[in-house]
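So the sequence shown is numbered by the numbering used here: it starts at 7 and just counts up by one.
The beta carbon of each residue, even a glycine, is placed where N, CA and C say it ideally should be.
All values reported here derive from a predicted model rather than from experimental measurement.
Have a look at the structure below before the remarks.
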Amino acid sequence: MGGKYLEELLNYIKTPKSDGTPKSVYVNVISKSGSTLETALSFRMIREVLDNLYGEGATNRIVCTTSKEGGVLNGLIDEKGYKKFIIPNNVGGRFSVLTPVGLIPIAVAGIDIKTLFYGAVSAFNKYEKDASDILEYAAVRRTLHEKGITVDVFSCFEPELQSFGGWIQQLMGESEGKEGKGIFPAVASFSTDLH
Numbered sequence: 007m008g009g010k011y012l013e014e015l016l017n018y019i020k021t022p023k024s025d026g027t028p029k030s031v032y033v034n035v036i037s038k039s040g041s042t043l044e045t046a047l048s049f050r051m052i053r054e055v056l057d058n059l060y061g062e063g064a065t066n067r068i069v070c071t072t073s074k075e076g077g078v079l080n081g082l083i084d085e086k087g088y089k090k091f092i093i094p095n096n097v098g099g100r101f102s103v104l105t106p107v108g109l110i111p112i113a114v115a116g117i118d119i120k121t122l123f124y125g126a127v128s129a130f131n132k133y134e135k136d137a138s139d140i141l142e143y144a145a146v147r148r149t150l151h152e153k154g155i156t157v158d159v160f161s162c163f164e165p166e167l168q169s170f171g172g173w174i175q176q177l178m179g180e181s182e183g184k185e186g187k188g189i190f191p192a193v194a195s196f197s198t199d200l201h
């Protein structure tokens, strides 16, 4: 979360509703350890605002999604009594969307997580039986990369799906972009980027 965005968020939270009452704000801090600098600082600032707005009631408005044991965040959970959801130790960050890391925000956004799971299981079952589409895509990418083509464009015509492009870009870049190797994942929003 960038500084400008954090400042805007804090100002939004602090600004009362038109009737003068505080907004109803809840926070889910997601961090395996709680010691990542950006996350820790942002959470501390947001927590202070919630403490000022809600007093002791702030505790019930903060949820922590973190590792089962250890870390700064678990110490704070023990001290303050925050609700806790566990990030499985055997799941890396880029694969965590179907754990509490992704499921809590998805559910809060009003998306039916049972349907999401059904889709995930359906895709898993399909590709477990026949992975030819995935293997073909991987083979084409590798062949093109060996020929010097180092950009893969993910495109979308549907505005409501554009945020998935950024997610794919982050996942692919993080997974493949080690040691200056890999294919650069670019994102295009059509028809805007056709011009």
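Secondary structure at residue i, three-state DSSP: helix, strand or coil?
i    : result
F196 : coil
S161 : strand
K187 : coil
V107 : helix
T149 : helix
V97  : coil
I83  : helix
Round the Cβ separation of residue i and residue j to the nearest angstrom and send it over; I've been treating them as touching at under 8 Å.
i    : j    : result
C70  : L79  : 6 Å
F231 : P191 : As shown, the chain starts at 7 and ends at 201. That puts residue 231 outside it, with no answer to give.
S41  : G77  : 7 Å
V55  : L16  : 6 Å
Restricting to Cα atoms, I'd like to know which of the options is closest to residue i.
i    : options              : result
K153 : N66, G188, S102, F91 : G188
N34  : S24, T45, T27, G26   : T45
I36  : K20, L82, I93        : I93
E75  : K90, G116, F130, G61 : K90
A64  : E13, W173, G40, P28  : P28
E166 : L12, R50, F196, K120 : F196
Once the 5 residues before and after residue i are set aside, which same chain residues still bring their CB inside 7 Å of it?
i    : result
E180 : R100
E182 : G188, I189
A194 : V159, S161
E102 : For the record, residue 102 in the displayed sequence is Ser; it is not Glu. I93, G108.
Can you name, in chain order, every residue of its own chain whose Cβ lies under 6 Å from the Cβ of residue i, other than the five neighbours on each side?
i   : result
I83 : C70, K90
Check: For the stretch 130–145 against the stretch 101–115, are there 3 or more C-beta pairs whose distance is under 8 Å?
Finding: For the pair of segments examined, the stretch 130–145 was found not to touch the stretch 101–115: the number of CB pairs separated by less than 8 Å stays below three.
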